Structure formats: structure tokens, C-alpha cells
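Reviewing the structure listed below.
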Amino acid sequence: MIFSETHESEAAQAVEAPQGTLSVTISAFEPLQLIKVNGQTQDASGDFVQLEVPYQVEQGPVEIEIEAHTASGVAQRTYRLHLKPPAESLKRFDWSLISLLTHQWGDNLTNAAKGEAVGFRKTSVILMPAFSLTWEDMQVELKGLSLREKLADAAQAANEVVYDQWELHHKWKLGAFNFDSSLGLAEIATELKGWSGKSHLESDQYLSEQMVWELTEGQQLTGTLKAKSKSLAEADPASYSLSGLETQGDLGYQIATDLLRINASMRHKKNDALGTYQDFSEDQAGLGFEAPILEGLTYNLNLTQGRKRFAQVDPAKGQREIALSTEAALGASGAMPWVAGWQWMSELSQGHYDSNIDGSDYQTLAASVSLLYVF
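In the working numbering, each residue carries its 1-based index in the sequence shown increased by 1223.
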């Protein structure tokens, strides 16, 4: 998470006037779930929030503590203010680097049909740098993501994923609405060699617009539109080319209390590929629950169901394919108090995928453990 503030945190900070307002902007790579200011819960929406905290220092120094909660953990800042002019200039620029190390076990590497599935073990490293410039109710942010996977079995190396992504965001607030416009590009390769991929797979360019409507305290509605241009290696024959335009619309609703957070979502995706037999539409619905069971420990359950329908009859399949998917994931996360700054996560997931094409049904089961650190 990134904290952009008008006063420095941790160290004592002088202010010119005996009373004023501490402005803090918090942004994250995932939705913010809860914000606390000196123990008092504040409304949180999306992955970006602007706080205005009044203070008075006539009677002596004051301390303001802010906590930001996401599914991955908790970040905290403490601001110590005292009356001692002159005040230092406002801080506008900030940066962060999130690192994530994951080890995963699974029983179906290539989504093969029952009886043909091959198990796997893989380790992945994710680095997520972010640079932000904030003023008033607006923020410009550059986000990056670099993923590297390594499979334990060298014979499975062709299934390793190498992924690099950059996004430029413009975020601003208008009353109860938060807006986020972004441009992005991504490069995907396979078979990790050093820090690069041996075989280039895909190049993407995309743009998106997101709006978060803060309905009431603890309730919000989110809408997102996204368009992505995909470029992949030429298929043979060309009627199976995956290159083309993908459009997507998402609608989400969230309600949160101190004991439980519920997320409901709907998605519609349309793929207009250059290949005649790769056009499809997909609908998906999801429901998620998250609850802090013990202090510093959070459990979550996510359920997703989808339906994918191809537009044309594929001669190789003999009919128009319709595929159904059901996915469930149970996870837990928490801080590591014995190692400052580190957080842990674990997840167990299962998927069932059914199709009207013979031999296309399959199932997956996977488990993972992760360590996260924010620089």
C-alpha cells in the first residue's frame, strides 16, 4: 500500500498553526477493506481513499494513528505533530515496492481431462513497484507488475509463465464518487530463462474506466469497463487465431461491518478474435466472504460460477461449445509479529469445468502458501 501525506509519518513533525488538517491519501493494488483513524472506523472504497484528519496542538504534541486493511494484511502509519514553525513543504511524491513469494501444489497442470491430469509444484515471485504523485483530490500513479514462475519438474518448463505489466492511473474524487482511468500494456512469455521468457506468447494493450460509488458507510457499488487489444503468434490455420479485441464490463457490490465483509460481483466478457472459431461471450458471477476470526488473522471464502459460449460451430468439435465452470477458494492471511513487515497467506482452491464437447470436462485442485513484504 502507498501512503501519500501532507506530513511525515513516524518522526516528529512541526506545524505552523495550532490547528489544521492532516491529509492522507492511501492507495493499494487491491480493494481497501477498512480504514481506522485513532481506532475509529472510516469509510473505505476501491483501492484509493483520501482522508482529512483535523488536529489541534495548542496543548502540546498530538499523535494520529492510521490503519489500512486489505485482504493481504494491514499497513499502519503514525503521525506525531507539534507546534514549532516553520512547517516543512508538503510531501507530494511517494513510492512503494510489494514483493510476494508463493509456492503452489496442484493436480492438473494443463487442464487435462480426468485420467490424463499431471500434478505439479511451482514457485513464483511477484514484484509490484508503484510511484504516485498526489495533489488535493487527484492522484497520478504508475504501477508495475512482474511475475516469474518456475516449475519443479524441468520437463514441464514450457508451462512456466513470465508476465510483465505497466499501468498508468489517473484517480480523482467527486463527492461520493471515486474515478480511476487507466492505460496499460502487458507482455506474456513462457519457459523461464534467467529473468526472461524463452518463448514470447502475447502482447496486450488496454484501457479501463472504474467508478466507485460510496452508497453509505460500509456500502459501495463499483462499475468497471475495460477494452483490451491482444496480439498473439499467428495460428495455423488462421481461423483459430486468438488475436483480437476483448471487451469486459464488471459490476460489484460490497457491504462491510466489523465482523464480516461480503462482496458480490457480475462480469460480462466478449471476445472478438481474428479467428472465426475463437469468438465467444462469457458471463460470470461471484460471491465472497471475509471475516477476522482472531486478532491479526483473517479468513476468506470465494465462490465463482461462469458460462462461456462460443459464437461459431467448430468443425473439429462438431458443434458450438458451451462450457460451465464452478470455482471455490478458501484462504487465510495474517501478519507475522515475530518478523516485522512480513505477512503470510494461504489458499486451497478447487474447480469443476464442464463442456458439451466430449472429453473436455476436467477438474483442478491446488494449494498455495505465500509470504508478502512491502518496502
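From the three backbone atoms N, C-alpha and C, an ideal C-beta is built for every residue, glycine too.
Keep in mind the model is a prediction, meaning the values are calculated, not measured.
When Cβ pairs closer than 8 Å are counted between the two stretches, the stretch 1269–1280 is seen not to touch the stretch 1374–1388, the count staying below three. By the beta-carbon neighbour count (other beta carbons within 10 angstroms, threshold 16), His1305 is exposed. Judged by their CB atoms, Arg1490 and Leu1474 are nearer to each other than the 9 Å cut-off.
Counting only unbroken stretches of 3 or more residues, the beta strand (DSSP E) elements lying wholly within the stretch 1262–1303 are 1263–1265, 1271–1279 and 1285–1293, in sequence order. Per the coordinates, the alpha-carbon of Gly1262 lies some 13 Å from the alpha-carbon of His1292. The Cβ neighbour count for Asp1403, taken over all protein chains shown within 10 Å, is at least 16; the residue is labelled buried. Bridge partners of Trp1395 according to DSSP: Met1361 and Phe1402. Distance from the CA of Asn1525 to the CA of Gln1279, rounded to the nearest whole angstrom, comes to 44 Å.
With a 10 Å radius around the Cβ and a threshold of 16 neighbouring Cβ atoms, Val1238 comes out buried.
At the C-beta level, Val1562 and Thr1325 stay beyond 9 Å of one another. Assignment of beta-bridge partners to Tyr1476 by DSSP yields Leu1444 and Ala1487. For Leu1391, the closest C-alpha among the options Lys1416, Arg1371, Glu1359 and Ala1353 is that of Ala1353. Judged by their CB atoms, Met1568 and Ser1295 are nearer to each other than the 9 Å cut-off. DSSP lists no beta-bridge partner residue for Gly1519. For Ala1551, the enclosing beta strand (DSSP E) covers residues Ile1545 to Ala1558. In the DSSP assignment, Lys1531 is bridged to Glu1505 and Ala1546.
Counting along the chain, the unbroken beta strand (DSSP E) around Tyr1576 starts and ends at Trp1565 to Ser1578.
Exposed is the label assigned to Gln1242, since fewer than 16 other Cβ atoms lie within 10 Å of its Cβ.
When DSSP states are grouped into helix, strand and coil, Asn1334 belongs to the coil group. Using a Cβ-Cβ distance cut-off of 8 Å, the stretch 1572–1587 and the stretch 1545–1564 are in contact, since at least three pairs of beta carbons, one from each stretch, lie closer than that value. Nearest Cα to Glu1505 within the set Glu1364, His1393, Gly1529 and Trp1565: Gly1529. Shown here, Ala1456 sits in coil according to DSSP, grouped into three states, outside any helix or strand. Per DSSP, Gly1420 is one residue of the beta strand (DSSP E) stretching across Ser1419 to Thr1439. Taking all protein chains in view, the Cβ of Gln1542 is surrounded by fewer than 16 other Cβ atoms within 10 Å, so the residue is classified as exposed. In this structure, the CA atom of Ser1462 is about 21 Å from the CA atom of Lys1492.
For Asn1579, the CB contacts under 6 Å within the same chain, skipping 5 residues up- and downstream, are Ile1545 in chain order. Following the DSSP letters along the chain, one finds Val1260 inside the beta strand (DSSP E) bounded by residues Leu1257 to Val1260. A distance below 6 Å between beta-carbons, with the five flanking residues on each side excluded, links Glu1288 to the following residues of its chain, in chain order: Asn1261 and Thr1301.
According to DSSP, Asp1317 shares a beta bridge with Ser1355. Closest option to Ala1479, judged by alpha-carbon separation, among Ile1321, Ala1458, Lys1451 and Glu1437: Glu1437. Distance from the Cα of Ser1419 is smallest, within the candidate group Thr1445, Lys1373, Ala1377 and Leu1397, for Lys1373.
If you ignore the 5 residues before and after Thr1587, its C-beta comes within less than 6 Å of the C-beta of Asn1331 and Gly1574, all in its own chain and listed in chain order. A contact between stretches requires three or more CB pairs, one per stretch, nearer than 8 Å, and the stretch 1427–1446 meets this requirement with the stretch 1405–1413. Taking the Cβ atoms as the reference, Arg1344 lies roughly 5 Å from Trp1328, within the contact range of under 8 Å. Bridge pairing for Asn1494: Glu1469 and Phe1503 [DSSP]. The three-state secondary structure of Ser1464, taken from DSSP, is coil.
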